[in-house]
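A short worksheet on the structure shown next.
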Amino acid sequence: MTALAALIRRDIKISLRVGGGALIGVLFFLTVVVLMPFAVGPDLALLTRLGPAILWLGALLASLLTLDRLFTADHEDGSLDLIVMSRTPLELTCAAKALAHWLAAGVPLILATPVLGLLLNLNATATAAVALTLLAGTPALTFTGMIGAALAVTLHRGGLLLAVLVLPLSIPVLIFGVAASQAAITGPLSFGTPFSILCALSLVSLVIGPFAAAASLRHGLD
Amino acid sequence: MTLIDLANPTRFLSLTARILPWLAAATTILLLVGLYQAAMAPDDYQQGATVKIMFIHVPNAWLAMFVWGVMSLAALGTLVWRHPLADVAAKAAAPIGAAFTFLALVTGSLWGRPMWGTYWEWDARLTSVLIMFLMYLGLIALWRAVEDPSRAARAAAILTLVGALNLPIIKFSVDWWNTLHQPASVLRMGGPALDRSFLIPLLVMAVAFSLLFVTLHLAAMRNEILRRRVRSLQMMQASRRSA
């Protein structure tokens, strides 16, 4: 247990330091959201309507951008081999690494949502709904994305593949995340149904992600 | 003859060389019978002659899912039993599955144009088949990204098994979102809703397309085995020349 806690602390520390790149995700998120009005026009009513979708899409792309960091840095300096060989079960280690990654790269995205909501003319309810759905949904993005990151790290030059492999897997999360936010803002559906499915997706990925990532690390690094 | 005996590629090659002509002949005959029956089937009272697209569209869609199932079994074979032919089977199946999925999407959109008035509708089932097509392409890209076949096989096997979770979502989505696409009408509670005059040609076509898949798959597996032999011969020659 202490090993896992130490690993989480180490990963968060590394990703927040110089060259860590966790906060690059937030900057990317901001840039994507700022780009949207240039594409669809500065019509505030339209931006309000598209707001939750834009925020979700931005968060999805931003979390994809930083996923590459999950294993590559450790692979390059050799610490990944030590982690794989250690006595702690690799599934638990993968889960801990993903948790650390979510804390360092996912949570800042959620914290940035209120500011970005202002840019998109979202009211307080809408912003809160998007932030809440992101809180429930981004773990699913990180934990399913981890599978792609683990596959990509064993392939060398796998960074390009990562996006192609991970994006289709994240479609259900996007659907239910946006559906839940829209339900909270405009109705007529109840917020609870899509939101509980979103939570279910996160929980399922919490189970599947570490096992698949550990399997691909074990089979891939030899 | 068990699965273990087939682990010897030479034995597999000689066995499939004997089986393949018969399979190809059976596929051709069944396809001809099915197409004839489909052409002779009566027009639908609402859809007219366009209903005949169904005889191509539905078997393709079934096989699109079936091939992913075959690849998942092969993935288990790779990861659990380390069966030497499992990764050959998985690799050979991916492009064929992608082709079936693509054909299901194309025929579906050609069918949708007269029926729904649009080539593409963002309906749940269409969308999930499109996602599956993207996943087939991603899987093929993964196979092509790695030079060492056994390394690629293990990575692809994991992705295949993760993707297999997508299959229940496809089936589930029909009942969940249930929009323009009509709900499942062949495999459902209380027997098929299709009339017998449509059902029999459809089943014949489904069997014919399954045989087509088996034929193409075995042929592609043979090609893959031979390709690997050619590759290792080339490597041997190259190393001999440099030595």
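Residue numbers (the numbering used here), protein chains in the order written: chain C, 1 to 222; chain Z, 223 to 465.
Don't be surprised by glycine CBs; every beta carbon is placed ideally from N, CA and C.
Status (buried if at least 16 other CB within 10 Å, exposed otherwise) for residue i
| i | result |
| --- | --- |
| N230 of chain Z | exposed |
| I447 of chain Z | buried |
| W244 of chain Z | exposed |
| S216 of chain C | buried |
| N123 of chain C | exposed |
| Y358 of chain Z | buried |
| G339 of chain Z | exposed |
| L6 of chain C | According to the sequence as given, residue 6 of chain C is Ala; it is not Leu. The residue is exposed, with fewer than 16 neighbouring Cβ atoms inside 10 Å. |
| Q456 of chain Z | exposed |
| R180 of chain Z | An answer regarding residue 180 of chain Z cannot be provided, because it is not within the stretch 223 to 465 covered by chain Z. |
| Q459 of chain Z | exposed |
| Q404 of chain Z | Unreliable placement is indicated for Q404 of chain Z, whose pLDDT of 48 sits below 50; no coordinate value is reported for it. |
| V40 of chain C | exposed |
| G412 of chain Z | Note that G412 of chain Z scores 47 on pLDDT, short of 50, meaning its location in the model is unreliable; the coordinates nonetheless yield the value given after this. With fewer than 16 Cβ atoms within 10 Å of its Cβ, G412 of chain Z is classed as exposed. |
| R451 of chain Z | exposed |
| A271 of chain Z | exposed |
| L438 of chain Z | buried |
| G192 of chain C | exposed |
| F38 of chain C | exposed |
| G299 of chain Z | buried |
| S395 of chain Z | Here the model assigns S395 of chain Z a pLDDT of 46, short of 50, so the residue's position is not dependable and the matter cannot be decided. |
| V18 of chain C | exposed |
| R376 of chain Z | buried |
| L409 of chain Z | Model confidence at L409 of chain Z stands at a pLDDT of 47, short of 50, so the residue's coordinates are unreliable; what they give is reported in the following sentence. The residue is exposed, with fewer than 16 neighbouring Cβ atoms inside 10 Å. |
| G51 of chain C | buried |
Of the listed residues the options, nearest to residue i (C-alpha basis)
| i | options | result |
| --- | --- | --- |
| D309 of chain Z | Z:Q456, Z:S331 and Z:R444 | Z:R444 |
| R453 of chain Z | Z:P371, Z:R376 and Z:A363 | Z:P371 |
| L70 of chain C | C:D43, C:T31, C:F28 and C:I8 | C:I8 |
| P139 of chain C | C:V34, C:G25, C:V164 and C:L203 | C:L203 |
| L301 of chain Z | Z:A378, Z:K274 and Z:M262 | Z:A378 |
| S236 of chain Z | Z:L440, Z:M457, Z:Q456 and Z:S464 | Z:L440 |
| I175 of chain C | C:L160, C:L162, C:I197 and C:A184 | C:I197 |
| D11 of chain C | C:I208, C:W102 and C:L46 | C:W102 |
| L295 of chain Z | Z:R462, Z:I422, Z:T382 and Z:R418 | Z:T382 |
| G137 of chain C | C:E91, C:M85, C:L80 and C:L206 | C:L206 |
| H75 of chain C | C:L151, C:V32 and C:I110 | C:L151 |
| T48 of chain C | C:L92, C:T2, C:T88 and C:A126 | C:A126 |
| L99 of chain C | C:T72, C:V84, C:A131 and C:L141 | C:L141 |
| F184 of chain Z | Z:P264, Z:A239 and Z:Y258 | Any property of residue 184 of chain Z remains undetermined from this structure, which presents chain Z solely from 223 to 465. |
| F143 of chain C | C:L50, C:L167 and C:D77 | C:L167 |
| F195 of chain C | C:L155, C:L135, C:A213 and C:S170 | C:L135 |
| L61 of chain C | C:L80, C:A105, C:A128 and C:L50 | C:A105 |
| L352 of chain Z | Z:L327, Z:M337 and Z:A363 | Z:L327 |
| L201 of chain C | C:V173, C:S86, C:G25 and C:L82 | C:V173 |
| R218 of chain C | C:L132, C:L111, C:M85 and C:V107 | C:M85 |
| L325 of chain Z | Z:S464, Z:F431 and Z:R463 | Z:F431 |
| A95 of chain C | C:L221, C:C199 and C:L4 | C:L4 |
Heavy atom of the ligand HEM within 7 Å of residue i beta-carbon
| i | result |
| --- | --- |
| L64 of chain C | The ligand content of the structure shown is nil, which means the ligand HEM is not present either. |
Selection of the region 352-368 of chain Z by Cβ proximity to chain C, strictly under 9 Å: Cβ contacts with chain C: I353, M354, L356, M357, L359, G360, L361, A363, L364, A367 and V368.
Any alpha helix (DSSP H) of 4 or more consecutive residues that is wholly inside the region 63-96 of chain C: Inside the region 63-96 of chain C, DSSP marks whole alpha helix (DSSP H) runs of 4 or more residues at positions 69-76 and 79-85, from first to last along the chain.
Residue ranges of each alpha helix (DSSP H) within the region 129-170 of chain C, 4 or longer: Listed in chain order, the complete alpha helix (DSSP H) runs (minimum 4 residues) inside the region 129-170 of chain C are 159-169.
Selection of the region 304-317 of chain Z by Cβ proximity to chain C, strictly under 9 Å: Cβ contacts with chain C: none found.
Cβ-based contacts, 8 Å cut-off: residues of the region 104-130 of chain C near chain Z: For the region 104-130 of chain C, which is checked against every Cβ of chain Z, not one residue is closer than 8 Å.
Within 8 Å of chain Z by C-beta, residues of the region 169-196 of chain C in sequence order: Residues L169, I171 and P172.
Within 7 Å of chain Z by C-beta, residues of the region 133-148 of chain C in sequence order: Those residues of the region 133-148 of chain C that come within reach of chain Z (Cβ to Cβ, closer than 7 Å) are I147.
contact_flag[the region 309-321 of chain Z, the region 145-156 of chain C] where n(CB pairs < 8 Å) is 3 or more: Between the region 309-321 of chain Z and the region 145-156 of chain C there are fewer than three inter-stretch CB-CB distances shorter than 8 Å, so the stretches are not counted as touching.
Residues within the region 59-82 of chain C neighbouring chain Z, beta-carbon criterion of under 7 Å: Answer in chain order: no residues at all.
Contact set between the region 206-219 of chain C and chain Z, restricted to residues whose Cβ is under 8 Å from the partner: Those residues of the region 206-219 of chain C placed with their C-beta closer than 8 Å to a C-beta in chain Z are I208, A212, A215, S216 and H219, ordered along the chain.
Segment contact flag, the region 42-56 of chain C with the region 118-138 of chain C, C-beta cutoff 8 Å, min 3 pairs: Counting Cβ pairs under 8 Å, three or more are found: they touch.
Where the region 444-464 of chain Z meets chain C: residues whose CB sits under 9 Å from a CB there: Of all residues in the region 444-464 of chain Z, none comes within less than 9 Å of chain C when Cβ atoms are compared.
Runs of alpha helix (DSSP H) wholly within the region 263-308 of chain Z (minimum 4 residues, chain order): Taken in chain order, the complete alpha helix (DSSP H) segments of 4 or more residues contained in the region 263-308 of chain Z are 276-298.
Touch test, the region 24-37 of chain C against the region 99-116 of chain C, Cβ-Cβ under 8 Å, three pairs minimum: Contact holds between the region 24-37 of chain C and the region 99-116 of chain C, because three or more Cβ pairs, one in each stretch, are under 8 Å apart.
Whole runs of the alpha helix (DSSP H) within the region 14-43 of chain C, excluding any shorter than 4 residues: Taking only runs of at least 4 residues, the alpha helix (DSSP H) segments lying wholly in the region 14-43 of chain C are 24-40.
Short-range partners of chain C found in the region 289-304 of chain Z, where Cβ spacing is below 8 Å: For the region 289-304 of chain Z, the beta-carbon criterion of a distance under 8 Å to any beta-carbon of chain C is satisfied by L301.
Sufficient close CB pairs (3 or more, under 8 Å) joining the region 424-432 of chain Z to the region 269-284 of chain Z: Verdict: yes, contact present.
Near-chain Z residues of the region 2-16 of chain C - C-beta to any C-beta below 7 Å: Correct list: empty, as no residue qualifies.
Every unbroken alpha helix (DSSP H) inside the region 323-396 of chain Z [4 residues or more]: Here the runs fully enclosed are 346-367 and 371-386.
Every unbroken alpha helix (DSSP H) inside the region 166-205 of chain C [4 residues or more]: Secondary structure within the region 166-205 of chain C: the alpha helix (DSSP H) runs of 4 or more consecutive residues, fully enclosed, are 171-186 (chain order).
Residues within the region 374-385 of chain Z neighbouring chain C, beta-carbon criterion of under 7 Å: Of all residues in the region 374-385 of chain Z, the ones placed with a Cβ closer than 7 Å to any Cβ belonging to chain C are R376, A377, I380, L381 and V384, in chain order.
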